[in-house]
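One structure is given below, encoded as structure tokens.
What follows is the structure, given as structure tokens:
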């Protein structure tokens, strides 16, 4: 191709990029907003912690057994001494996150630090209605943090009772926040269980320790025979993340390509442009310009993902080889979607007419979602291998395999998938250029799928 | 280079069952200002699109600037009938973009654009978005986009449509200036008097077939009605009977405005008949009737229809 023609393709590509990506709406929607959201996700626990007021005051407990108040105070002391890190660690372990740096765990644990201030319980043995009404009146005046009426059968289990024991009643001042309500409810329920054990003559701490389900440190043998920590849940999430990155980057840019082609047709500027360049130059200029847009989206979201993995010290899940292959399959995915979108955009006059031809694109969009679970579960299974060789979904399937693989995917499979992907892209771009050449100047009724095939076969 | 900028021979184009252009021969000499005329749907835009290689003819040969228009896009300026602008783009950016696509060096473009906008009385619009301009202003910007690369061949498809008289006159002047600079211009219109005012050559097509192709002066000569129009101050019947008696006069009629039209057997007798009419009494005016392109066109189209429809159209009248 002569230099002049390449220069014109470059001019078209730059215009497409500039008028799509260097706009306030794109920068805000596709770059600034995700960065802000990512920042908020990290800052949110800290902001939440700074906002919460600690629970403080005295709870009046109507308890004929006289045992509840001590158990309540012991429970509060225990909670005050705990900084929440144990629960956070437990949750993270269940999620399969190995928080080596401790950044995430610490920030999450900090959110629980300020829940409990000076909270005590004062017991009242008499459960006659007058006493309860007096206590309720005092609580209304703000003298009590709450009034809890704990019937004796809730604590003394040996006492025979016909049917369910009467419910515990908890009376709160109108101003009590939902968060404090939950804390008080939890304290009263847990203290009741604790009191039952004490009443039964058992050591509650011992029983609790016995009931605590142990955690398991799962390690999987690596290639070098060493046992590495297992992040089983992440092994499901990472391929999904890979696929979604590709999905968002390619379909967002593909959608821009569709709308910009339709816009050029509908506002009649297309013939002016075609007086200066050939339809194929226009097609390539548009595809390459929006490839840059797609790359910006990929780098933004991918960068955020890598930053998150770095913060969690999970970069071992990624390698330069993985990223290089991801880029190869990103290019295959983008050109597949771009060819389809450009052909559709050139064949129709309005966005609503494009819906007729969106079926093949929808298949490419939806199938990877359906394949996520089976591929993540068994990245070397028949379904995974077959779908990673099947155009046009192969780039999405292959990045999921790359993300999920515990063993390196055989190189011949990677190369075969790449070859098939490049071949399918070549065919799709060729067909799209045929459709584009005819459709871009066509006005009026959009063509039927059969007519599209005829356009492709026309010499 | 041959003396013709555009050379079409036996070009035809069919869309489904519709024959848009049939066996069209067309030569546009270098340096000419050629009007490409015809009613709506005659095949003008299809022909122009084929000249621009935007669509390909089914049959026939087509040479533009001694080659294919695709190879000479940077030497051709084209204003399509279906024209638009990038609505969100600034006028300056739009002209710069089209200029770059037409192969103009970036460094030269700011001055070219500023001068051109000044010339079309829109000096302050470079920073405005195209959508902020009126339709007429957009049309002038589109015209600039067509000529921004100073092409040697300019093809304008209905350049005056939608323009008010003031802007139509401005565009008229610009086209004349370009013609005086030696550029070849082909413009299509269905408003015939515009072509009559500007062109030195006329090509008419109807239903895809050429019906007229000649220099304007020769068309006027060929279609001269050989008629003397006399407007007497006195009784037109007296003048009518006197002229009817003259042997050089073929026929006489009086129109609704009491003017007497005397059709001559031979145009060389015109001076003698005019002298005779002047001697018949005081006159408000006397002169030779002129043929307009509208009359020529209506006459030709009528003939085409009487001969048996477009499929059997008459042979084109050719120089």
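Chains as they are written, first to last, in my numbering: chain P, 757 to 1215; chain L, 97 to 415. The C-beta atom is built at its ideal place from N, Cα and C for all residues, glycine as well.
Checklist entry - From residue 412 of chain L to residue 315 of chain L, what does the alpha carbon distance come to, in whole angstroms? => result Sequence index remark: in the second chain, residue 412 of chain L carries index 316 (1-based). Sequence index remark: in the second chain, residue 315 of chain L carries index 219 (1-based). In this prediction, residue 412 of chain L scores a pLDDT of 40, lower than 50, which makes its location untrustworthy; the coordinate-derived value is nonetheless stated afterwards. The alpha-carbon separation between residue 412 of chain L and residue 315 of chain L amounts to approximately 13 angstroms.
Next on the checklist: Taking 8 angstroms as the threshold (beta carbon to beta carbon), is residue 255 of chain L in contact with chain P?
Outcome noted: Along the second chain, read from residue 1 onward, the residue named residue 255 of chain L stands at position 159. Cβ-Cβ to chain P under 8 angstroms: no for residue 255 of chain L.
Checklist entry - Which word fits residue 1118 of chain P, buried or exposed, when buried means at least 16 other C-beta atoms lie within 10 angstroms of its C-beta? => result Residue numbering aside, residue 1118 of chain P sits at position 362 when the first chain is read from its first letter. Exposed.
Next on the checklist: Short of 8 angstroms in beta carbon distance, which residues of its chain neighbour residue 260 of chain L, apart from the five on each side in sequence? Order them along the chain.
Outcome noted: Walking along the second chain from the start, residue 260 of chain L turns up at place 164. So the qualifying residues of the chain are 232.
Item to check | Straight-line gap, residue 1162 of chain P to residue 766 of chain P (C-alpha atoms, nearest Å) | outcome: In the first chain, residue 1162 of chain P corresponds to position 406, counting from 1. In the first chain, residue 766 of chain P corresponds to position 10, counting from 1. Answer to the nearest angstrom: the Cα atoms are 42 angstroms apart.
Checklist entry - In chain order, what residues of the region 765–795 of chain P put their CB closer than 8 angstroms to some CB of chain L? => result 767, 768, 771 and 775
Checklist entry - Which first and last residues belong to the beta strand (DSSP E) in which residue 300 of chain L is found? => result Start at 1 with the first residue of the second chain, and residue 300 of chain L comes out as number 204. Residue 300 of chain L -> beta strand (DSSP E) spans 297–302.
Checklist entry - Based on the DSSP secondary-structure assignment, which residues constitute the bridge partners of residue 814 of chain P? => result Counted from its first residue, the first chain places residue 814 of chain P at position 58. DSSP lists P:876 as partners of residue 814 of chain P.
Item to check | Residues of its chain near residue 889 of chain P, where Cβ-Cβ distance is below 7 angstroms and the 5 sequence neighbours each way are ignored | outcome: Here residue 889 of chain P refers to the residue found at position 133 of the first chain. Closer than 7 angstroms at the Cβ level, and outside the excluded window around residue 889 of chain P, lies no residue.
Checklist entry - Three-state secondary structure (DSSP) at residue 763 of chain P? => result Against the first chain, residue 763 of chain P aligns to sequence position 7. In this structure, residue 763 of chain P counts as helix in the three-state DSSP scheme.
Checklist entry - residue 1013 of chain P and residue 1121 of chain P look like a contact to me (Cβ under 8 angstroms); what is the Cβ gap, rounded to whole Å? => result Here the question's residue 1013 of chain P lines up with position 257 in the first chain. Here the question's residue 1121 of chain P lines up with position 365 in the first chain. In fact, because the Cβ distance is near 15 angstroms, the residues do not count as touching under 8 angstroms.
Checklist entry - Quick one: which chain L residues come within Cβ less than 8 angstroms of residue 1058 of chain P? => result Sequence index remark: in the first chain, residue 1058 of chain P carries index 302 (1-based). Near residue 1058 of chain P there are no residues of chain L at all, since even the closest Cβ is about 29 angstroms away, more than 8 angstroms.
Item to check | Any chain L beta carbon closer than 8 angstroms to residue 1172 of chain P | outcome: Walking along the first chain from the start, residue 1172 of chain P turns up at place 416. Residue 1172 of chain P does not count as touching chain L.
Checklist entry - Does the pairing of the region 1151–1161 of chain P with the region 101–114 of chain L give three or more beta-carbon distances under 8 angstroms? => result no
Item to check | Test: residue 241 of chain L CB closer than 8 angstroms to a CB of chain P | outcome: As a first step, residue 241 of chain L is located in the second chain; it is residue number 145 there, counting from the start. For residue 241 of chain L, the answer is yes, since a Cβ of chain P falls inside 8 angstroms of its Cβ.
Checklist entry - If we count Cβ pairs, one from each stretch, closer than 8 angstroms, do we get three or more for the region 304–311 of chain L versus the region 343–358 of chain L? => result no
Item to check | Segment contact, 8 angstroms Cβ cut-off, at least three pairs: the region 153–168 of chain L with the region 998–1018 of chain P | outcome: no
Checklist entry - Under the DSSP definition of a beta bridge, which residues are partnered with residue 310 of chain L? => result As a working note, residue 310 of chain L is residue 214 in the second chain. DSSP output for residue 310 of chain L lists L:298 as bridge partner(s).
Next on the checklist: Taking CB distances under 8 angstroms as the criterion, tell me whether residue 268 of chain L reaches chain P.
Outcome noted: Here the question's residue 268 of chain L lines up with position 172 in the second chain. Closer than 8 angstroms: no.
Checklist entry - Can you name the residues of chain L whose CB is closer than 9 angstroms to the CB of residue 1023 of chain P? => result Here residue 1023 of chain P refers to the residue found at position 267 when the first chain is read from its first residue. By Cβ distance, chain L contributes 180, 181, 182 and 183.
Checklist entry - How close, in whole Å, do the beta carbons of residue 1057 of chain P and residue 790 of chain P come, if the pair is a contact with beta carbons under 8 angstroms? => result Mapped onto the first chain, residue 1057 of chain P falls at position 301. Mapped onto the first chain, residue 790 of chain P falls at position 34. Taking the Cβ atoms as the reference, residue 1057 of chain P lies roughly 6 angstroms from residue 790 of chain P, within the contact range of under 8 angstroms.
Checklist entry - Which one of P:933, P:800, P:1085 and P:910 has the shortest CA to CA distance from residue 1178 of chain P? => result Within the first chain, the letter at position 422 stands for residue 1178 of chain P. Checked all of P:933, P:800, P:1085 and P:910; the closest Cα to residue 1178 of chain P is P:1085.
Checklist entry - What residues of chain L sit near residue 1030 of chain P, judged by a beta carbon separation below 7 angstroms? => result The residue given as residue 1030 of chain P occupies position 274 in the first chain. Those are 150, listed as they occur along chain L.
Item to check | C-alpha distance - residue 902 of chain P paired with residue 794 of chain P, whole-angstrom precision | outcome: By 1-based counting over the first chain, the position of residue 902 of chain P is 146. By 1-based counting over the first chain, the position of residue 794 of chain P is 38. Roughly 39 angstroms separates the two Cα atoms.
Item to check | Cut-off 8 angstroms between Cβ atoms - residues of its own chain near residue 887 of chain P, not counting five sequence neighbours on either side | outcome: What you label residue 887 of chain P is simply residue 131 of the first chain in a count that begins at 1. Same-chain partners within the cutoff: 818 and 880.
Item to check | Residue burial classification, residue 972 of chain P (beta-carbon count within 10 angstroms, cutoff 16) | outcome: The count along the first chain starts at 1 and reaches residue 972 of chain P at position 216. Residue 972 of chain P comes out exposed.
Next on the checklist: Counting only beta-carbon separations shorter than 8 angstroms, does residue 234 of chain L have a partner in chain P?
Outcome noted: To locate residue 234 of chain L, count along the second chain from 1; it is residue 138. For residue 234 of chain L, the answer is no, since every Cβ of chain P falls outside 8 angstroms of its Cβ.
Checklist entry - Within the chosen definition, does the region 245–257 of chain L reach the region 162–176 of chain L through at least 3 CB pairs nearer than 8 angstroms? => result yes
Item to check | Residue nearest to residue 938 of chain P in terms of C-alpha spacing, selected from P:1101, P:885, P:953 and P:871 | outcome: Within the first chain, residue 938 of chain P is the residue found at index 182, counting from 1. Of the residues P:1101, P:885, P:953 and P:871, the one whose Cα lies closest to the Cα of residue 938 of chain P is P:871.
Checklist entry - Is it buried or exposed for residue 764 of chain P, if we count other Cβ within 10 angstroms and need 16 for buried? => result Mapped onto the first chain, residue 764 of chain P falls at position 8. Per the 10 Å Cβ criterion, buried.
Item to check | Whole-angstrom distance between residue 1003 of chain P and residue 148 of chain L, CA atom to CA atom | outcome: Within the second chain, the letter at position 52 stands for residue 148 of chain L. Within the first chain, the letter at position 247 stands for residue 1003 of chain P. If you take the alpha carbons of residue 148 of chain L and residue 1003 of chain P, they lie about 40 angstroms apart.
Checklist entry - List, in order along the chain, the chain L residues whose C-beta lies closer than 9 angstroms to that of residue 809 of chain P? => result Translated into the one-based positions of the first chain, residue 809 of chain P becomes position 53. Within 9 angstroms Cβ-Cβ: nothing; residue 809 of chain P doesn't reach chain L, min ~50 angstroms.
Next on the checklist: If I measure Cβ to Cβ from residue 99 of chain L and keep anything under 8 angstroms in the same chain, skipping five residues before and after, which residues do I get?
Outcome noted: Counting from 1 along the second chain, the entry for residue 99 of chain L is found at position 3. Residues of the same chain with a CB within less than 8 angstroms of the CB of residue 99 of chain L, apart from the 5 flanking positions on each side, are 125 and 126 in chain order.
Checklist entry - Would you report the Cα separation of residue 1168 of chain P and residue 240 of chain L, rounded to the nearest angstrom? => result The count along the first chain starts at 1 and reaches residue 1168 of chain P at position 412. The count along the second chain starts at 1 and reaches residue 240 of chain L at position 144. About 57 angstroms.
Checklist entry - Based on Cα-Cα distance, which residue from L:387, L:235, L:343 and L:378 lies nearest to residue 183 of chain L? => result Mapped onto the second chain, residue 183 of chain L falls at position 87. The shortest Cα separation from residue 183 of chain L among L:387, L:235, L:343 and L:378 belongs to L:235.
Checklist entry - Would you say the region 284–298 of chain L touches the region 208–222 of chain L, given that touching needs at least three Cβ pairs under 8 angstroms? => result no
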